[in-house]
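Notes for the one structure printed next.
Residue numbers (the numbering used here): 3 to 93.
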């Protein structure tokens with residue numbers, strides 16, 4: 003892509019797998035918002051942001067992969083972790 007900050011979903015690219023499911027949905031003005039449980043199975047650059055935008059669930063407040071003309075007025079992304087797991091190598 004032309005924008006070096008941005009990556010894309012394309013055939014022949016490096017494998018990246020993200021599982022997600024909708025936990026809740028509601029309307030905010032004209033926007034339908036969703037709370038998702040997301041689990042990346044691989045660790046690629048911007049993986050969660052790219053996959054959710056590709057699936058038409060862009061992260062609210064995401065300046066790179068979010069909706070153009072987002073008028074939410076938010077100054078940060080609404081991407082939050084409630085648990086992190088780190089697998090350490092044995093030895």
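Here a beta-carbon is modelled for each residue, glycine too, at the ideal position from N, C-alpha and C.
Mark residue i as exposed unless 16 or more other C-beta atoms lie within 10 angstroms of its C-beta, in which case mark it buried.
i, result
"residue 27", "exposed"
"residue 88", "exposed"
"residue 3", "With a pLDDT of 46 at residue 3, under the threshold of 50, the modelled position of this residue cannot be trusted; read the value that follows with caution. Burial call: exposed."
Leaving out five residues before and five after residue i in sequence, what residues of the same chain have Cβ atoms less than 6 Å from its Cβ?
i, result
"residue 55", "67"
"residue 25", "37, 39"
Cutting at 7 Å between CB atoms, please list the residues of its own chain near residue i, excluding the five before and the five after it.
i, result
"residue 182", "A question about residue 182 goes unanswered here, because the residues of the chain that appear run from 3 up to 93."
"residue 69", "60"
"residue 46", "16, 18"
"residue 14", "none"
From this set, the options, which residue's C-alpha is nearest residue i's C-alpha?
i, options, result
"residue 49", "8, 29, 75", "8"
"residue 84", "37, 15, 13, 29", "37"
"residue 11", "90, 52, 29", "52"
"residue 22", "75, 57, 90", "57"
"residue 82", "41, 14, 75", "41"
"residue 30", "43, 20, 75", "75"
When DSSP builds the beta bridges, which residues end up paired with residue i?
i, result
"residue 37", "26"
"residue 20", "42"
Inset, instruction - Let me know the alpha helix (DSSP H) ranges lying completely inside the segment 43 to 68, each 4 residues or longer, listed in chain order. - result: 49 to 56
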